[in-house]
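Engineer:
Numbering (the working numbering), first residue to last: 5 to 499.
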C-alpha cells in the first residue's frame, strides 16, 4: 500500500476510535440512576426503574433470599389498584384523568407485563408495606407518564392517588385472599376434578380384578383392584369439597379497614364499590369482611385453606405411595400393576424403571406439609390489629397451590392414565393368600379356620388345598364358601 494511502487508513482508524471514545464518555456521563425523595430524604433509584424511593429502600434493606412474590399475588395487587381507582372516581374522590391513567397502568400489572418491576424480597416487613408501595410506585410512574409527566415527578402520586382509600394493612390481606381464591378455583380444583375422573375411570376398568387385600402391609381378605382405586377417587372428591369450603372463606376481603380496621381515611361506600369491581375482574364473588378487625388482626381463613391443602397432601401421599407399592418389582415386589415406563431409572443398572412420578408427587406433598407449618406459625402472629407475617404466609400458600396443581396434572397424565393391571399376578398372589380362610369362620369356626390359615402359610399351599387335605369340606361346599368375588362384597360368602 503506497504511503499516502497508509496515512489515510490510519487517519480513518483514528477518527473511528475518537468517535467511539466520545460516545462512551457521553454514555458514562449519563447517570444510571435518578434521585427520588420520600419522607426520609433522597434515594438513588435506577434510571430505568418504574418503582420509586420506598421500593428502592426495601431492596437495600432486605437483600435476603432473592424470592419474589409469585404471579398470582402481583396480579391481585393490580386488580385491587384498578378496582380502587374506579371506586374512587365514581365517588368523586379521584380526578377522571388520573383514574383512567391508573386503570391503564394497573392493567399492565395484571397482565404480567411488569413483573420484573416487583423487586422486593418476600422476607420484609410483616405487613407487606414495601410490596404495596412497590405496586403504588410502579402504577403511579406509569400513570404519570401517560399524562405527559416525567417519571418520578409524582404527577400521579403513589400514596395520595394510587393508594387512595387504602392502607397496606388492608391491601395485602385482600391480595392474599384474591390470589389464593383465584388459584384454587381456576387451577387446583379443576386439576383435582381431572385427577378424580382418571382414578374413577381406573376403578371401573379394574372392577373385575380380584386380588389380595392388605392391612398392616400383611395379607388380608380379598378386594377388587377397582375398589382400591375407587377409594383413591373418593379421597380426591373429599379434598375438593374441603377446598371449596375453604375458598368460600377467602371470599371475605379486608379492603376498607385501612390502617387498623376502623376505615379511617376512606369513603363509607368505598369497600362495596371496589369489591364489586374485584368480583367483576376475577369472575368470582367477593364480599366485604363482616368484621374488619378480625380480617386484619387474624389470618384464620388462610390457615384454614392451608389446612385443606395439607389434608390434600396427606391424601396424595397415601395414593402415590400405595400405587408405588402395588407396582413394586418386577420380580421381587407385588407387581400387581404396571406403571408407564417414562425414563431409565438408573445410571448403572440397565433396564431399571422407577416410579418417578409417584416420588415427585410425594416430595411435593412433603413441601406442602412444610408450608402448612409456616402458615400455621404465621397465623399465630396476629398481634392486636395486624398480622405481621403476611408476606411469607402468602408465598407459602401460593407455592403449595401451584405445586399441587402441577403435580396432580403430571401424575394424572404420565402415571395414572397409563396404569395397567397384571391380572395373572393378582390371581397368583390371591390364591396363596391365607386370609381367604376368613370365609371359613361361619362354617368351621375361628379356631379351625386359623389352623387352616397357618398351615396354608407354613406349607405354601392354597387354603382350598389344605381344607381338602384335612377333609373338612366337600368340593361343592368349598366352591360355594370360597367364592372370592363374593368375599369382596358385604355379607357371608356362600349364604
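Every residue, glycine too, gets a C-beta built ideally from N, C-alpha and C.
Note that the structure is a prediction, hence the values are computed from the model and not measured.
Note down the Cα distance separating residue 70 from residue 230, rounded to an integer number of angstroms.
Structural biologist: Here residue 70 refers to the residue found at position 66 when the chain shown is read from its first residue. Here residue 230 refers to the residue found at position 226 when the chain shown is read from its first residue. C-alpha separation (whole angstroms): 47 Å.
Engineer: What do you reckon, are the CB atoms on residue 195 and residue 473 nearer than 8 Å?
Structural biologist: What you label residue 195 is simply residue 191 of the chain shown in a count that begins at 1. What you label residue 473 is simply residue 469 of the chain shown in a count that begins at 1. It is not a contact, given that the beta carbons lie outside the stated cut-off.
Engineer: Taking the beta strand (DSSP E) that residue 40 belongs to, which residues open and close that run?
Structural biologist: Residue 40 sits at position 36 when you count from the first residue of the chain shown. 37-42 is the extent of the beta strand (DSSP E) around residue 40.
Engineer: Quick check on this structure: which residue in 166, 155, 59, 309 has the alpha carbon closest to the alpha carbon of residue 132?
Structural biologist: Locating residue 132 in the chain shown gives position 128, counting from the first residue. Per the Cα distances, 59.
Engineer: Flag this pair as touching only if the stretch 163-173 and the stretch 251-263 have three or more C-beta atom pairs under 8 Å; answer yes or no.
Structural biologist: The stretch 163-173 vs the stretch 251-263: in contact.
Engineer: What does residue 387 pair with, by DSSP beta-bridge criteria?
Structural biologist: The residue you call residue 387 lines up with position 383 of the chain shown. DSSP output for residue 387 lists 390 as bridge partner(s).
Engineer: Pull up the distance between the alpha-carbon of residue 435 and that of residue 466, whole angstroms please.
Structural biologist: Position 431 of the chain shown, counted from the first residue, corresponds to residue 435. Position 462 of the chain shown, counted from the first residue, corresponds to residue 466. Distance between the alpha carbons of residue 435 and residue 466: 6 Å.
Engineer: Can you check DSSP and say which residues form a bridge with residue 223?
Structural biologist: On the chain shown, position 219 is the one that residue 223 refers to. For residue 223, which the question treats as bridged, DSSP gives the partners 218.
Engineer: Tell me residue 47's beta-bridge partners as DSSP assigns them.
Structural biologist: One-based indexing of the chain shown puts residue 47 at position 43. In DSSP, residue 47 forms a bridge with 40.
Engineer: Do you know whose CA, among 487, 411, 468, 458, lies nearest residue 191's CA?
Structural biologist: Taking the first residue of the chain shown as position 1, residue 191 is located at position 187. Ranking 487, 411, 468, 458 by Cα distance to residue 191 puts 411 first.
Engineer: Which runs of the alpha helix (DSSP H), 4 residues or longer, sit entirely within the stretch 120-159?
Structural biologist: Listed in chain order, they are 133-150.
Engineer: Would you check if there are 3 or more beta carbon pairs closer than 8 Å linking the stretch 440-459 to the stretch 475-493?
Structural biologist: With the cut-off at 8 Å, the stretch 440-459 and the stretch 475-493 touch.
Engineer: Please classify residue 30: does DSSP put it in a helix, a strand, or coil?
Structural biologist: Your numbering for residue 30 matches position 26 in the chain shown. Residue placement at residue 30 is flagged as unreliable, the pLDDT there being 45, under the threshold of 50; the coordinate-derived value follows with that caveat. Reduced to three states, the DSSP call for residue 30 is helix.
Engineer: For the alpha helix (DSSP H) holding residue 426, just list the boundary residues, first then last.
Structural biologist: For the purposes of this step, residue 426 is taken as residue 422 along the chain shown, with counting starting at 1. Residue 426 -> no alpha helix (DSSP H), and no H or E assigned at all.
Engineer: Got a sec? Which residues, its chain only, sit under 8 Å from residue 318 by beta carbon, not counting five neighbours each side?
Structural biologist: Counted from its first residue, the chain shown places residue 318 at position 314. The residues are 369, 373.
Engineer: Going by beta carbon distance, what residues of the same chain come within less than 6 Å of residue 399, once the five residues before and after it are set aside?
Structural biologist: Taking the first residue of the chain shown as position 1, residue 399 is located at position 395. Correct list, in chain order: 126.
Engineer: Identify the continuous alpha helix (DSSP H) that holds residue 274 and give its terminal residues.
Structural biologist: Residue numbering aside, residue 274 sits at position 270 when the chain shown is read from its first letter. 274-286 is the extent of the alpha helix (DSSP H) around residue 274.
Engineer: Do you know whose CA, among 183, 403, 154, lies nearest residue 282's CA?
Structural biologist: By one-based count along the chain shown, residue 282 stands at place 278. Of the candidates 183, 403, 154, the one whose C-alpha sits nearest the C-alpha of residue 282 is 183.
Engineer: Select from 198, 95, 61, 215 the residue whose C-alpha is nearest the C-alpha of residue 141.
Structural biologist: In the chain shown, the residue the question calls residue 141 occupies position 137. Closest by alpha carbon: 61.
Engineer: Could you give the first and the last residue of the continuous alpha helix (DSSP H) run that contains residue 206?
Structural biologist: Reading the chain shown from its first residue, position 202 is the one you call residue 206. 193-209 is the span of the alpha helix (DSSP H), which, as asked, contains residue 206.
Engineer: For the alpha helix (DSSP H) that residue 300 lies in, which residues bound it at each end?
Structural biologist: Your numbering for residue 300 matches position 296 in the chain shown. 296-301 is the span of the alpha helix (DSSP H), which, as asked, contains residue 300.
Engineer: Which partner residues does residue 291 have in the DSSP bridge list?
Structural biologist: For the purposes of this step, residue 291 is taken as residue 287 along the chain shown, with counting starting at 1. 256, per the DSSP bridge assignment.
Engineer: What does the Cβ neighbour count give for residue 284, buried or exposed, with the cut at 16 atoms within 10 Å?
Structural biologist: Against the chain shown, residue 284 aligns to sequence position 280. Classification for residue 284: exposed.
Engineer: Using the rule of at least 16 other Cβ atoms within 10 Å of the residue's Cβ for burial, across every protein chain shown, is residue 458 buried or exposed?
Structural biologist: For the purposes of this step, residue 458 is identified with residue 454 of the chain shown, where counting begins at 1. By the 10 Å Cβ count, residue 458 comes out exposed.
Engineer: For residue 393, I'd like the list of residues in its chain whose CB is within less than 6 Å of its CB, leaving aside the five on either flank, ordered along the chain.
Structural biologist: The sequence position of residue 393 within the chain shown is 389, counting from 1. These residues qualify, in order along the chain: 130, 382, 385.
Engineer: With respect to the alpha helix (DSSP H) encompassing residue 181, which residues constitute its N-terminal and C-terminal limits?
Structural biologist: One-based indexing of the chain shown puts residue 181 at position 177. Taken as a continuous stretch (DSSP letters only), the alpha helix (DSSP H) holding residue 181 covers 172-187.
Engineer: Measure the alpha-carbon distance for residue 426 versus residue 135 and round it to whole angstroms.
Structural biologist: For the purposes of this step, residue 426 is taken as the residue at position 422 of the chain shown. For the purposes of this step, residue 135 is taken as the residue at position 131 of the chain shown. Their Cα atoms are separated by approximately 55 Å.
Engineer: Which term fits residue 206, buried or exposed, when burial requires 16 or more other beta carbons within 10 angstroms of its beta carbon?
Structural biologist: What you label residue 206 is simply residue 202 of the chain shown in a count that begins at 1. That one is buried.
Engineer: Count the other C-beta atoms from every protein chain shown that fall within 10 angstroms of the C-beta of residue 122, then say buried if there are 16 or more, exposed otherwise.
Structural biologist: Sequence index remark: in the chain shown, residue 122 carries index 118 (1-based). Buried is the call here.
Engineer: Please tell me whether residue 110 and residue 85 are closer than 8 Å, where the distance is taken between their beta carbons.
Structural biologist: Residue 110 sits at position 106 when you count from the first residue of the chain shown. Residue 85 sits at position 81 when you count from the first residue of the chain shown. Yes. Within cutoff.
Engineer: For residue 341, does the three-state DSSP call read helix, strand or coil?
Structural biologist: Translated into the one-based positions of the chain shown, residue 341 becomes position 337. It is a strand residue.
Engineer: Who are the Cβ neighbours of residue 66 in its own chain at under 8 Å, not counting the five residues just before and after it?
Structural biologist: Counting from 1 along the chain shown, the entry for residue 66 is found at position 62. Cβ within range, chain order: 124, 125, 127, 128, 134.
Engineer: What separation, rounded to the nearest whole angstrom, lies between the Cα atoms of residue 456 and residue 481?
Structural biologist: As a working mapping, residue 456 is identified with position 452 in the chain shown. As a working mapping, residue 481 is identified with position 477 in the chain shown. Each residue's alpha carbon lies about 16 Å from the other.
Engineer: Alpha carbons only, please: which of 153, 41, 178, 164 is nearest the one belonging to residue 391?
Structural biologist: Within the chain shown, residue 391 is the residue found at index 387, counting from 1. Nearest C-alpha to residue 391: 178.
Engineer: For residue 358 versus residue 327, is the C-beta distance shorter than 8 Å?
Structural biologist: Position 354 of the chain shown, counted from the start, is the residue given in the question as residue 358. Position 323 of the chain shown, counted from the start, is the residue given in the question as residue 327. No, these two residues do not count as a Cβ contact at 8 Å.
Engineer: I'd like to confirm the pairing. Which residues does DSSP put opposite residue 228 in its beta bridges?
Structural biologist: Looking up residue 228 in the chain shown gives position 224. DSSP output for residue 228 lists 214 as bridge partner(s).
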